[in-house]
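Okay, so here's the structure we're looking at.
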Amino acid sequence: MVETILLVLLLLLMLYTALQFYRERAPHNGSAVEATKSADLPANVGGLQQSLRTLQLDIEPLVVVAGIILIALVVLLTLLDLFPDAGSFALVGSAGSLFFLFSLLTDIARWRTRIFEEGLVEALDLLEAALHSGFNPQDALRAAADSSKGSVKAEFEELSKRLAVGMPMDRAVARMTERYDSHGVRMVTQTLIANSQTGGNLLLLLRAVNVIFREQMKIRVKVRGQLAGARNALLFVAFVPYLIIPAFLWKAPSWLAALKDHPLGPSFLLAAILLQVLGFFWMRRILRTD
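Quick note on numbering: my numbering labels position 79 of the sequence shown as 79, and the sequence is numbered without any gaps.
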């Protein structure tokens with residue numbers, strides 16, 4: 001009975017994960033954001049598809065989901081082969097690998113977005129300097145692209161090429177917005193779109209945006225530093241028990257034998273692992289700084 005309840009909870013947890021990565025994002029309000037929608041880039045995308053775009057992986061989300069499920073099945077069969085009598089444990093391990101792979105994909109995409117935003121701050125400084133020197137906006141964007149690095153350089157070069165062939169600003173920045181869908185990137189792109197449509201002093205607008213952008217980056221770094229202790233404690237609580245088990249098996253095997261031989265021992269162990277996995281992902285969600 002206890003194992004049945006735990007398995008039902010585990011299936012519900014897996015369903016929640018699938019919904020989390022397949023739910024569609026709500027559209028952003030406002031005509032300025034609507035202007036960034038391109039014909040070849042749909043406005044609303046699921047979280048998994050957004051992660052694939054950020055990672056620049058031209059793969060269908062269904063293929064990625066199928067691959068991750070296949071890996072989870074391999075983990076399940078491997079654990080069943082190693083522990084034939086521990087079916088529930090193998091199922092928990094398979095579900096854990098499913099969570100881990102989805103979370104890893106999302107975390108890498110968020111990390112790339114943060115790296116892009118940090119480089120974008122430097123590119124804004126270069127863009128301001130070029131505009132202050134008398135460059136027109138297109139030449140200033142090209143100069144910022146030449147002096148930037150990594151993904152920021154690639155996006156600014158693509159933006160300059162699109163503007164050079166006469167593409168409107170709203171469509172020119174669409175790829176950058178879709179790949180790196182963050183508040184800072186949208187703030188910069190909307191500034192460029194608004195200036196191209198209504199005119200005005202782009203240098204003053206970028207200076208104001210740069211001040212806000214840098215203040216947000218400072219707050220993020222401060223919050224990340226304040227949460228560093230809690231994050232380290234989370235990792236300690238999550239992994240230390242599994243490091244202690246070999247020590248128990250070596251020094252005091254009778255302690256774990258009592259748990260293993262008890263009729264409810266496997267159920268207790270399964271419940272402990274399941275609750276730990278739930279707590280780990282819940283704390284991970286709370287400690288996110290983006």
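All C-beta atoms, glycine included, are put in the ideal place defined by N, C-alpha and C.
Quick caveat: nothing in here was measured; it's all calculated off a predicted structure.
By DSSP, does residue i sit in helix, in strand, or in coil?
{"i": "Tyr242", "result": "helix"}
{"i": "His262", "result": "coil"}
{"i": "Ile59", "result": "coil"}
{"i": "Ser267", "result": "helix"}
{"i": "Ala194", "result": "helix"}
{"i": "Met167", "result": "coil"}
{"i": "Asp81", "result": "helix"}
{"i": "Leu287", "result": "coil"}
{"i": "Asn201", "result": "coil"}
By how many angstroms is the C-alpha of residue j removed from the C-alpha of residue i?
{"i": "Gln259", "j": "Gly67", "result": "The sequence given here places Leu at residue 259; Gln does not occur at that position. Taking the straight line joining both Cα atoms gives about 36 Å."}
{"i": "Lys161", "j": "Leu141", "result": "10 Å"}
{"i": "Ile245", "j": "Phe99", "result": "23 Å"}
{"i": "Ala228", "j": "Leu124", "result": "29 Å"}
{"i": "Ala300", "j": "Leu104", "result": "Beyond the ends of the chain as shown, which are 1 and 290, falls residue 300; an answer cannot be given."}
{"i": "Asp261", "j": "Ser267", "result": "11 Å"}
{"i": "Phe281", "j": "Leu243", "result": "20 Å"}
{"i": "Ile212", "j": "Gly184", "result": "9 Å"}
{"i": "Val165", "j": "Ala208", "result": "29 Å"}
{"i": "Val64", "j": "Leu270", "result": "29 Å"}
{"i": "Arg288", "j": "Thr191", "result": "27 Å"}
{"i": "Asn44", "j": "Phe239", "result": "Residue placement at Asn44 is flagged as unreliable, the pLDDT there being 39, under the threshold of 50; a coordinate-derived value is accordingly withheld."}
{"i": "Gly47", "j": "Leu82", "result": "35 Å"}
{"i": "Lys153", "j": "Leu101", "result": "29 Å"}
Is the CB of residue i under 8 Å away from at least one CB in chain B?
{"i": "Gln49", "result": "Of the protein chains in the structure, only one exists, and it is not chain B."}
Exercise. Within the chosen definition, does the region 49-65 reach the region 97-115 through at least 3 CB pairs nearer than 8 Å?
Worked result: yes
Exercise. Taking three-plus beta-carbon pairs below 8 Å as touching, is the region 128-145 in contact with the region 187-207?
Worked result: The region 128-145 vs the region 187-207: in contact.
Problem set entry | Cβ pair count under 8 Å reaching 3, the region 88-97 against the region 70-78 | A contact exists between the region 88-97 and the region 70-78.
Exercise. Three or more beta-carbon pairs under 8 Å between the region 147-160 and the region 216-226, yes or no?
Worked result: no
Problem set entry | Unbroken stretches of the alpha helix (DSSP H), 4 residues or longer, contained in the region 119-148 | If we require 4 residues or more, the alpha helix (DSSP H) runs fully inside the region 119-148 come out as 137-147.
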